[in-house]
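One structure below.
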Amino acid sequence: MEKRPPKKVKSLLLLMLGLTLLREVTARKNPKAGDTALCPPLEDNSVRVDIRILRQNQGGISISNDFQNRSSSPWDYNVTRDPNRFPSEIVEAQCRHSGCINAEGQEDSSMNSVPIQQEFLVLRREPQGCSRTFRLEKVRVTVGCTCVTPIVRYVRA
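Going left to right, the sequence shown walks through residues -27 to -1, 1 to 130 as mature numbering (1 follows the signal peptide of the UniProt record, and there is no 0) numbers them.
Put into structure tokens, the structure is as follows:
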């Protein structure tokens, strides 16, 4: 004849097991999106991405990198920083003038200096507590400026 534990002992063991599991689940639970006090600072986190871009031999051609100063539509560079983005720093161009620079070095307001924009993909950190989840995001960045003739529209009265 097999002896079974009393019902009270079974219930007590199940209750203890349930409380132990509950404690483990709450201890492992990620902080909520707004509760980042328990998360390590973003500066301490790093993302390693191995992007191997092989530079082709340019045949010894040396190109000056001061395009932004020699252009008839010169621009300056600004760095935008976002710790929730990879890359966290993006360099963006900003046109110096609304007009273009003529041969004498003076601004010609009969022409327009306009931004040249390029779209590319970045990784955006998802705000899910301390989770290291990223999603692809398309961003548009001004990479330079160019000189164009203005669009003129006539209004008939």
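Heads up, the beta-carbon is just placed ideally off N, CA and C, and yes, glycines get one too.
Checklist entry - What span of residues does the alpha helix (DSSP H) with Arg43 cover, start to end? => result Translated into positions along the sequence shown, residue 43 becomes position 70. Element bounds for Arg43: Phe40 to Arg43.
Checklist entry - Less than 8 Å separating the beta-carbons of residue 134 and Thr119? => result One cannot answer for residue 134 here, as it falls past the ends of the chain, which runs -27 to 130.
Item to check | Exposed unless 16 or more other CB atoms sit within 10 angstroms - verdict on Pro47 | outcome: In the sequence shown, the residue the question calls residue 47 occupies position 74. By the 10 Å Cβ count, Pro47 comes out buried.
Next on the checklist: Within 10 Å of its beta-carbon, does Ala66 have 16 or more other beta-carbons around it, so buried, or fewer, so exposed?
Outcome noted: Residue numbering aside, residue 66 sits at position 93 when the sequence shown is read from its first letter. Classification of Ala66: buried, given that the 10 Å Cβ count is 16 or more.
Checklist entry - How should Asn85 be labelled, buried or exposed, when 16 other C-beta atoms within 10 angstroms of its C-beta is the threshold for buried? => result The residue you call residue 85 lines up with position 112 of the sequence shown. Classification for Asn85: buried.
Checklist entry - Should Arg98 go down as buried or exposed, given a rule of 16 or more other Cβ atoms within 10 Å for buried? => result If you number the sequence shown from 1, residue 98 lands on position 125. Residue environment for Arg98: buried (at least 16 other C-beta atoms within 10 angstroms of its C-beta).
Next on the checklist: Which complete beta strand (DSSP E) runs does the stretch 46 to 111 hold, if anything under 3 residues is left out?
Outcome noted: Counting only runs of at least 3 residues, the stretch 46 to 111 fully encloses the following beta strand (DSSP E) elements, listed from N- to C-terminal order: 48 to 54, 62 to 68 and 85 to 98.
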